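*Asks:*
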Amino acid sequence: MNKKIALLIFIIVASLDMLGIVFKIEILRLVFKPLILLSLIALYKVSTRKQINKIYVLAMVFSFLGDVFLLFEGELFFMLGLGSFLIAHLFFIKVVIAWWKEVKLKKVLITAIPFGILVAGLILFLKDDLGEMLIPVIVYAMVIGAFGTVATVLYKQQKTTHALTMMLGAFVFMSSDTILSVNLFYKPMMLFNILVMITYVLAQYLIYKAVILKEES
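Shown next, in the form of structure tokens:
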């Protein structure tokens, strides 16, 4: 399989999953949502010219698990999905920090301030609707905020194409998770369902692209 075919498969799989959302065809979702990350892993494998970044692959594997768990309803599956994505983000953070050059803690903390404000604002907005999910959602939001922080630190430090792409991927991932949170806990809307998947797929692709660009630099 070459890179173009793998990319086409990724696009087709993601598109079919989104069609399942728009037209409420559950079988499309059950079949194709788990294939999104599997096809992205295949795309990464055929794209990389260097040794596989095992930490990045682990991030994709846990994203895949999160996708599978969130296909099912119920608090247990939600917690398993949330936990899987939390671990995925920790691996994404590790990937980015490995690209840092020497960074002063003060700069990291300053960069973290706007992300902390965004996380706090989201939690305050949703807190009355979260119930028992308050603490798990706070922890997850802090981790995704940390991902945005470390990706921004990387770009401020290096100003490279791969750093910019990773930062955009982190921002889009934060947007996806924000929309998902509002959709789950505040006001469910069909538009939010499709926006969550569009931003999620875009974020995963941008992160993949950043990893490839870094390997090629």
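Position 59 (the sequence shown) corresponds to 82 in the working numbering; numbering is contiguous. For glycine and all other residues, C-beta sits at the position ideal for the given N, C-alpha and C. Model, not experiment: these values are computed from the prediction.
Unbroken alpha helix (DSSP H) runs of length 4 or more, entirely within the segment 131-182: which are they?
*Replies:* 157-181, all fully within the segment 131-182.
*Asks:* Given a cut-off of 8 Å, decide if residue 114 and residue 82 are closer than it, judged by their beta-carbon atoms.
*Replies:* Indexing the sequence shown from 1 puts residue 82 at position 59. Indexing the sequence shown from 1 puts residue 114 at position 91. Cβ distance < 8 Å, so residue 82 and residue 114 count as in contact.
*Asks:* Excluding five sequence neighbours on each side, which residues of the same chain lie with their C-beta closer than 6 Å to the C-beta of residue 39?
*Replies:* Residue numbering aside, residue 39 sits at position 16 when the sequence shown is read from its first letter. Taken in chain order, the residues that qualify are 51 and 55.
*Asks:* Measuring CA to CA, which of 122, 211 and 58 is closest to residue 240?
*Replies:* Position 217 of the sequence shown, counting from 1, holds the residue named residue 240. Per the Cα distances, 122.
*Asks:* Between residue 250 and residue 30, what straight-line distance do the alpha-carbon atoms span, to the nearest angstrom?
*Replies:* The shown model of the chain, from 24 to 240, leaves out residue 250, and the question about it has no answer.
*Asks:* Could you give the distance in angstroms between the alpha-carbon of residue 229 and the alpha-carbon of residue 172?
*Replies:* Indexing the sequence shown from 1 puts residue 229 at position 206. Indexing the sequence shown from 1 puts residue 172 at position 149. Roughly 16 Å separates the two Cα atoms.
*Asks:* Roughly how many angstroms lie between the CA atoms of residue 208 and residue 199, to the nearest whole one?
*Replies:* Start at 1 with the first residue of the sequence shown, and residue 208 comes out as number 185. Start at 1 with the first residue of the sequence shown, and residue 199 comes out as number 176. Going by the C-alpha atoms only, they are around 14 Å apart.
*Asks:* Among the candidates 42, 46 and 59, whose CA atom is the shortest distance from the CA of residue 227?
*Replies:* Translated into the one-based positions of the sequence shown, residue 227 becomes position 204. The shortest Cα separation from residue 227 among 42, 46 and 59 belongs to 59.
*Asks:* Thinking just about the alpha-carbon of each residue, which of 76, 116 and 34 is nearest to the one in residue 196?
*Replies:* Within the sequence shown, the letter at position 173 stands for residue 196. Checking every option, the nearest Cα to that of residue 196 belongs to 116.
*Asks:* When DSSP labels each residue in this structure, what does residue 28 get in the three-state scheme?
*Replies:* Counted from its first residue, the sequence shown places residue 28 at position 5. It is helical.
*Asks:* Helix, strand or coil, according to DSSP, for residue 93 in the structure here?
*Replies:* On the sequence shown, position 70 is the one that residue 93 refers to. Reduced to three states, the DSSP call for residue 93 is coil.
*Asks:* For residue 39, decide whether its Cβ has a neighbour in chain C, counting only Cβ atoms nearer than 8 Å.
*Replies:* Reference to chain C is not applicable here, since this structure consists of a single protein chain.
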